[in-house]
Each structure stands twice: as structure tokens, then as C-alpha cells.
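Numbering (the working numbering), first residue to last: 1 to 353.
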């Protein structure tokens, strides 16, 4: 016993103290928030570039003992395992990945960051009815896959009447130009880039409405609502800054092109002018953005129909309930920010240039 007491005394005197468990946000304890966006998706990429440079956000988070780290991803499916593992706290991505993520993980759909279209692109002079027996490039289970099914239905065709060629969206325009496929379905900015590159050869055969959303982890919203509100404020502020001056949009488009180039390791197919035009059409000129559209969570909404599509193609269980996603909608967070302009400066800007 005497020997044991001596050993214990040695450890007490000379061993480093065991770290005390502290609540996140307490003095000396830093909360790290991970935010993801997609540098090749416009206008999501533009917003990501602006929010990343928001010094007001950085200062507000610093006061909350919080550090934000940004990461870039190639496509929505890349985010799903990270969200399930709790490695992403905030993200902006399109409708079908949003639905799938909300079913798999506890998330809050806070706002909308794009109102656009997915499109079926083919050779000029082609109609959807001409696609019977043809090869169509597509990303299976994606927003554009849903658009393709809607397009085929207008011509009384089904997936069994065509040959679906799974492929990366970036490869679709060149494959169509070289005759590897007869048409493709993709989300913006791929259709715009394709028509810009091949204006005399390609045409839009069909468009299907497609939205993107600002999504936060439920754990962040419930455990650190102050941090969640600062992120929402940065989103609103970014939109105001972009719409305030064409020079701001031009600068943000330049940032986006630069990140696209680094991320892909090649020259982007879009120009700064393309990015600015898409951002204006799909974000800035939408009056209600970033507020969620009325009835978006209702049964029968576009999202609810897309939910059923994901069940049909096996991305969700057959018995999955829409209520699981319905509970993810959070209309209050942005409203709280808008209702308190003194606390959240939405028209004062400070961006790292």
C-alpha cells in the first residue's frame, strides 16, 4: 500500500493535468464549423466564394470562439457520407441530394440559393420524341435524371425506350459533339456551357425546374443557434452584396473561375460573363431568395415528387416517408436574422479581396 501511495503521488506531481471537459463556446474552447460547397455549380459556387471571404462573418464567429473551415466537393453524392458522419455542418446543394441527405441525416433546410433548371440537350432539330432507341448521357439518381424522366414522359417514352449512358456531367458535351451519345441531361451550368461552346450544333430539348438549398446540421442549429444565425446572415449579406453592384458580381465571378480552374485542374468551360449571367438569372433576379418557397414542404410539391422518384430508382427505401424530409424545413432561422438588423448587419460589407 505504501508503494502504491508513492506511485500515485508521483503521477499527481509530475503528470500533466487531465484536460477538463468544457462546453463548446466556453473561454478557451474553439468550435470548428465545416462548410462545404461545389465550385463547379453556379450560382452555388459564387455564393461559396463570397461567404468564404466575409470578414464580418469571421469576426462574429471569432466572438463566439468559433472557426469556420471551407471545403469544396465535386458533386452532391460526395457530401452524403460526410453528412452522415457529422463531418459537415453546413452545405449548399441541389434538390435531390438535399432530399437524400435529409432522409439519411438530421438536417435543417434553411433557405434557397438557386432557382434554375436541369435540361436535356441534343442536336439542333431534334425533338424529345426522336430519342427513342438513342443513347443519352446521364448521372443516375441525380436532379438531371429526374428531368430526363419528365422529358421522356412528355413524348410517352420511358427509360426502357432509350439507352441510359452513366457518365460524369463534365464529359457530356464533348461526348455529344463526338457522337458518343445522342443527347444528355444535366444541371446548370453544363447546358449553358455546352450551348456556348457549340451554339450551331446543340439545342435545349426540355427543361425541368431545379432548386438548390442552404442546409445546416440539426446539431449546429440546436446546440449553437447563434452560430447558425451568423451563417444565415452571411448568406443574406452575400446576396445583397452581389445585387448591389455589377462590379461585385464581376469580382465574384472572377473568384469562381479561379477556384474552378484550381479544383478541376483545367480551364473552365464557362467564362466570367457566363457565370455572372447565370448568377443573375438563377439567384439575384429571384425576388424571394433566400426565403424558402411557399409550400415547398407540402405533399404534392416538386420536392415531394422528386422524393418519390428517388424511391423509384432505389436511392431511398420503398417505405420511406416524406414526413422525414418535411420535418427538416426551418423557415424561422433566416426570419430571425431579418428581424434583427442591428444584431446582424445585412447591408454592411467587408470582404477579403
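No residue lacks a Cβ here, since even glycine has one placed at the ideal position from N, Cα and C. Here the structure is a predicted model, which is why all the values come from computation and not from measurement.
Inset, instruction - State the DSSP-derived secondary structure class of residue 11, mapped to helix, strand or coil. - result: Confidence at residue 11 is low in this model, with a pLDDT of 37, below 50, so the placement of that residue is unreliable and no value is reported for it.
Legend entry - Rounded straight-line distance, which links the Cα of residue 216 to that of residue 291: If you take the alpha carbons of residue 291 and residue 216, they lie about 15 Å apart.
Legend entry - Other residues of its chain near residue 26: CB distance less than 6 Å, five sequence neighbours each side excluded: Annotation note: pLDDT 44 at residue 26 (below 50); position unreliable, coordinate value reported separately. Same-chain partners within the cutoff: there are none.
Legend entry - Unbroken alpha helix (DSSP H) run spanning residue 239, endpoints: First-last of the alpha helix (DSSP H) with residue 239: 225-244.
Legend entry - Residues near residue 404 in its chain [Cβ-Cβ closer than 8 Å; skip 5 each side]: Outside the shown range of the chain (1 to 353) lies residue 404, about which nothing can therefore be said.
Inset, instruction - Just grab the DSSP bridge partners of residue 248 for me. - result: Residue pairing from DSSP leaves residue 248 without any beta-bridge partner.
Legend entry - Where residue 111 sits in the DSSP three-state scheme: Of the three classes helix, strand and coil, the one that applies to residue 111 here is strand, per DSSP.
Legend entry - Supposed contact pair residue 227 and residue 61 - C-beta distance, whole angstroms, cut 8 Å: That pair is a contact at about 7 Å.
Inset, instruction - Would you identify the three-state DSSP class for residue 1, choosing helix, strand or coil? - result: Caution is warranted here: a pLDDT of 42 is assigned to residue 1, below 50, making its placement in the model unreliable, and the coordinate value is therefore given only provisionally. If DSSP states are grouped into helix, strand and coil, residue 1 belongs with coil.
Legend entry - Cutoff 7 Å; reference residue 143; Cβ partners in own chain excluding five residues on either side: Once the five neighbours on either side are set aside, the close Cβ partners of residue 143 are 94, 95, 96, 118, 187 and 210.
Inset, instruction - Leaving out five residues on either side along the sequence, give the residues of the same chain with a beta carbon under 7 Å from the beta carbon of residue 275. - result: Around residue 275: 42, 46, 253, 256 and 257.
Legend entry - Close beta carbons around residue 349, own chain, < 6 Å, minus the five adjacent residues each side: Answer for residue 349: 241, listed in chain order.
Inset, instruction - For residue 190, count neighbouring Cβ atoms within 10 angstroms of its own Cβ and tell me buried if that reaches 16, exposed if not. - result: The residue is buried, with at least 16 neighbouring Cβ atoms inside 10 Å.
Inset, instruction - Would you mind giving the Cβ-Cβ distance between residue 203 and residue 124, rounded to the nearest angstrom? I have them listed as a contact below 8 Å. - result: Sure, about 5 Å apart at Cβ, within 8 Å.
Inset, instruction - Taking 8 Å as the threshold, find out whether the segment 127-144 comes into contact with the segment 106-115 through three or more Cβ pairs. - result: Contact between the segment 127-144 and the segment 106-115 is absent, with fewer than three C-beta pairs closer than 8 Å.
Legend entry - Three CB pairs or more closer than 8 Å across the segment 66-73 and the segment 102-110: Not touching, per the Cβ criterion.
Inset, instruction - Return the Cβ separation of residue 92 and residue 214 in integer angstroms, given the expectation that the two are a contact with Cβ distance under 8 Å. - result: The pair is a contact, with the Cβ atoms about 5 Å apart (cut-off 8 Å).
Legend entry - Helix, strand or coil at residue 90 [DSSP, three-state]: DSSP places residue 90 in strand when its eight states are reduced to three.
Legend entry - Identified DSSP bridge partners for residue 209: In the DSSP secondary-structure assignment, residue 209 is bridged to 117.
Legend entry - Among 334, 323 and 198, the one whose alpha carbon lies nearest that of residue 99: Out of 334, 323 and 198, 323 has the C-alpha closest to the C-alpha of residue 99.
Legend entry - Proximity winner among 102, 287 and 339, relative to residue 303 (alpha-carbon distances): For residue 303, the closest C-alpha among the options 102, 287 and 339 is that of 102.
Legend entry - Assigned secondary structure, residue 76 (DSSP; H/G/I helix, E/B strand, else coil): Residue 76: helix per DSSP, three-state reduction.
Legend entry - CA-to-CA distance, residue 298 to residue 233, given in whole angstroms: In a straight line, the C-alpha of residue 233 is about 26 Å away from that of residue 298.
Legend entry - Minimum C-alpha distance to residue 266 - residue among 40, 33 and 36: Nearest to residue 266 by alpha-carbon distance, out of 40, 33 and 36, is 40.
Legend entry - Residue range of the alpha helix (DSSP H) that includes residue 329: In the DSSP assignment, residue 329 falls outside any alpha helix (DSSP H) and carries neither an H nor an E.
Legend entry - Inter-residue spacing [alpha-carbon to alpha-carbon] between residue 176 and residue 166: Cα-Cα distance, rounded: 13 Å.
Inset, instruction - Taking residue 230 as the reference, give the member of 67, 38, 133 and 44 with the closest Cα. - result: That would be 67, whose Cα lies nearest to the Cα of residue 230.
Inset, instruction - Kindly examine the ligand MG and report whether one of its heavy atoms sits closer than 7 Å to the Cβ of residue 353. - result: No copy of the ligand MG appears in this structure; indeed no ligand is present at all.
Legend entry - Of the listed residues 132, 87, 86 and 146, nearest to residue 313 (C-alpha basis): Nearest option by C-alpha distance: 146.
Legend entry - Contacts around residue 84, its chain only, beta-carbon distance under 8 Å, and the 5 residues preceding and following it disregarded: These residues qualify, in order along the chain: 104 and 105.
Inset, instruction - Within the same chain, show all residues whose beta-carbon is closer than 6 Å to that of residue 151, passing over the 5 residues directly before and after it, in chain order. - result: Its chain contains 120, 128 and 206 as the residues whose beta carbon lies nearer than 6 Å to that of residue 151, once the 5 sequence neighbours on both sides are disregarded; these appear in chain order.
Inset, instruction - Could I get the ranges of all uninterrupted alpha helix (DSSP H) runs contained in the segment 38-83, with 4 residues as the minimum, in chain order? - result: For the segment 38-83, whole alpha helix (DSSP H) runs of length 4 or above, ordered along the chain, are 44-52 and 55-63.
Inset, instruction - Can you grab the Cα-Cα spacing for the pair residue 69 / residue 159, in whole Å? - result: Distance between residue 69 and residue 159, taken at the CA atoms: about 41 Å.
Inset, instruction - Give the DSSP bridge partners of residue 144, in chain order. - result: Bridge partners of residue 144: none, in fact.
Inset, instruction - Please name the residue or residues paired with residue 33 in a DSSP beta bridge. - result: When DSSP reads this structure, residue 33 sits in a beta bridge with 68.
Inset, instruction - State the DSSP-derived secondary structure class of residue 204, mapped to helix, strand or coil. - result: Strand, per DSSP.
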